[in-house]
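According to our numbering, the stretch in the sequence shown is residues -6 to 456, in order. The beta-carbon is built from N, C-alpha and C at its ideal position, and this holds for glycine as well.
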Amino acid sequence: MTGRPSPPPPPRAPAPYRPDLARVALVFVLLSLLALVLAPLLVHQRIDRLRDHVDFTVEPARGNVTEIQYYLARKMAALRGYMLTDDPRFLERYNQVALQERQVRDELRPMAQALGPDALRLFAHLDLLSDQWAERLASDPSTLLEAGAEPFVQAQLYDEMANTAAALDQALAAVSRDSRTVIREVERVYLRVTVVLVLLAVGAALVVGWIGHRVRVLGDEAGRALHEAHRLMEDRSRLLRGITHDVKNPLAAADGYAQLLELGIEPLSSRQTGWVAGLRRSLRGALGMIDDLLELDRAGSADIQLARQEVDLGMLLREVSADHSGAAEAAGHKLGVLVPDVPVRVSTDRGRVMQILSNLVGNAIKYTPAPGDIRLVADRIEDEGEGEWAVVQVRDNGPGIPPHEQERIFEEFHRLEPGEPGGHGVGLTISRRLASALGGRITVDSAPGEGSTFSLWLPPGGG
Ligand code: ADP
């Protein structure tokens, strides 16, 4: 086909859903609750670790140091007793106590690693002094009694060992104190965090509650508005049914009588014939208006019945063209059809598409000044991600429609020239509703003085 259309893009999917305030508040409450559950677990884990360290390492280590101090004193006392009395029982006691002291030091050694650098250094020093002490005495402390023994040096070594043990005890006391201070600090921070989390959770719960309340209130209002809208629609339909019965039928009867007069059963003067023709025109106009109103009401109802079938839009356009060729010719227009070689098939309601296109072609004929050029075009347009849309266009070279009017002409009873005969301003409203029921839509591309192109978009797969 020639002159491929460049229509506006087909309808797109609605904008993605964004989380609203209620969701954010709900997430906030959940996070606060999660934090309330996790915080005590983490804090207690940390406190338990510190307590275990104090209870199972620091305090037992302090006990060991006290024992070492005690054994040192006893060792020294035994040694003195031996040196004064030369009684071998003192020597025996000395050896026994020295063994116990070594055992306690061996117990303390692995713990010293976990007691911090100060304690580790002091323990290593104590170990060293003990080794020196042992070296001095060699295996037999009786050498102390011999000439050349140095009891004073030994006493000095003992003092240093006792001082180191005391310093080690103090270092361990400091470790214990520091750990307890940290425990208290962690507990204080935990308390504050808990208070803040509870306040946040309560705040967020209040926000959620308030939003829930607002949603309920708005939901109620929307429900009432919907109910009211249904009631008004119902009233409108009832009114239209009333018009049909009470106005349309008598008007049709009056038209029948006017027709009899026109047929000349009783001869009429030429003036009377003109009046009767005028009378019939008015009656047909009123009947047409009522038909349009009824059609508008039907197109507005939620349950438009659709009968889908496979439709070749090219063939359908030729039919529409044939139906309107007489009117187009009478109005002095050219009416042509442009379809691609490959059939444009779509699953849709044939009757509804005909109805829409008849209205669009009728308008083109009505609003284009003679001699006009009207074309009916069918094509397929690929839409990224959504597949191929079928598009049918009615193009004319009429007066065009100003941009600010291009949406308004689809509103009920809106016309560019309200006084102009031949319409009631509902055809496009009906067409757009039907198009939407078919899963498609109608768009217009026009500029004043450059004609108009009305496009009916039918979705891939028939909607
Ligand atoms: P009606 O034709 O009965 O007035 P429609 O709803 O079909 O009602 O059209 C609404 C208005 O849009 C028309 O009154 C006319 O002003 C304008 N319009 C529709 N089709 C065309 C067209 N092809 N060219 C120019 N104006 C148009």
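At a cut-off of 7 Å, would you count residue i as near the ligand ADP, judging by its Cβ distance to the nearest heavy atom?
i: A357; result: yes
i: R408; result: yes
i: L421; result: yes
i: S445; result: yes
i: D438; result: no
i: I290; result: In the sequence on display, residue 290 carries Asp and not Ile. No, Cβ of D290 sits at least 7 Å from all heavy atoms of the ligand ADP.
i: I394; result: yes
i: H417; result: yes
i: N352; result: yes
i: G329; result: no
i: D389; result: yes
i: I283; result: no
i: I402; result: yes
i: Y360; result: yes
Apart from the five residues just before and just after residue i, which ones in its own chain have a Cβ nearer than 6 Å to its Cβ?
i: H206; result: none
i: E400; result: none
i: I447; result: For the sequence presented, residue 447 should be read as Phe rather than Ile. The answer, listed in chain order, is L353, V387, V437.
i: Q93; result: Y64
i: R311; result: V330
i: W126; result: L150
i: G418; result: F406, H407, R408
i: V97; result: N57, E60, I61
i: S439; result: G393, I394, S445
i: P110; result: none
i: G319; result: none
i: V191; result: none
i: G235; result: none
i: E227; result: none
Tell me, to the nearest whole angstrom, how far the beta carbon of residue i is from that of residue j; I am working on the premise that it is less than 8 Å.
i: D162; j: V58; result: 5 Å
i: D372; j: V337; result: 7 Å
i: G449; j: I349; result: The residue you asked about is not Gly; residue 449 is Leu in the sequence shown. About 6 Å; that satisfies the 8 Å criterion.
i: T237; j: I283; result: 7 Å
i: G529; j: R426; result: There is no way to answer for residue 529, as the model of the chain reaches only from -6 to 456.
i: A176; j: L43; result: What sits at residue 176 in the sequence shown is Ile, not Ala. With 8 Å as the limit, I176 and L43 qualify as a contact, their Cβ atoms being about 5 Å apart.
i: L72; j: Y87; result: 5 Å
i: A279; j: L244; result: 5 Å
i: K359; j: G281; result: Between G281 and K359 the Cβ distance is about 13 Å, and since that is not below 8 Å, they are no contact.
i: L309; j: V346; result: 6 Å
Please work out which residues of its chain come closer than 7 Å, Cβ to Cβ, to residue i, disregarding the five sequence neighbours upstream and downstream, and give them in chain order.
i: L26; result: A194
i: A247; result: L276
i: P452; result: W382, G432, G433
i: G307; result: V332, P336, V337, A371
i: T422; result: L289, F403, E404, E405
i: V200; result: A18
i: A363; result: A324, G325, H326
i: L122; result: L150, E153, M154, T157
i: R102; result: none
i: P414; result: none
i: E379; result: P453
Ignore the nearest five residues each way along the sequence and tell me which others in residue i's own chain have a CB closer than 8 Å to its CB.
i: H458; result: Not covered by the structure: residue 458. The range shown for the chain is -6 to 456.
i: R217; result: none
i: A300; result: D342, R343, G344
i: S351; result: V313, D316, H317
i: Q302; result: S340, T341, D342, R343
i: R477; result: No statement about residue 477 is possible, as the shown extent of the chain runs from -6 to 456 and does not include it.
i: A112; result: A54, A105, L161, A164, L165, V168
i: A222; result: none
i: E180; result: V36, I40
i: G442; result: P392, G393
For this session: With a floor of 4 residues, list each alpha helix (DSSP H) that falls wholly inside the stretch 59 to 137, ordered by position along the chain.
Result: 81 to 105, 109 to 130
Exercise. Unbroken beta strand (DSSP E) runs of length 3 or more, entirely within the stretch 249 to 336: which are they?
Worked result: 301 to 305, 327 to 331
Exercise. Where in the stretch 197 to 240 do unbroken runs of the alpha helix (DSSP H), each at least 4 residues long, occur, reported from the N-terminal end onward?
Worked result: none
Exercise. Can you list the beta strand (DSSP E) stretches of 3 or more residues lying completely in the stretch 331 to 419, in chain order?
Worked result: 338 to 342, 366 to 376, 380 to 389
Exercise. In the stretch 423 to 454, which residue ranges form an unbroken beta strand (DSSP E) of at least 3 residues, counting only runs that do not cross its ends?
Worked result: 434 to 439, 445 to 451
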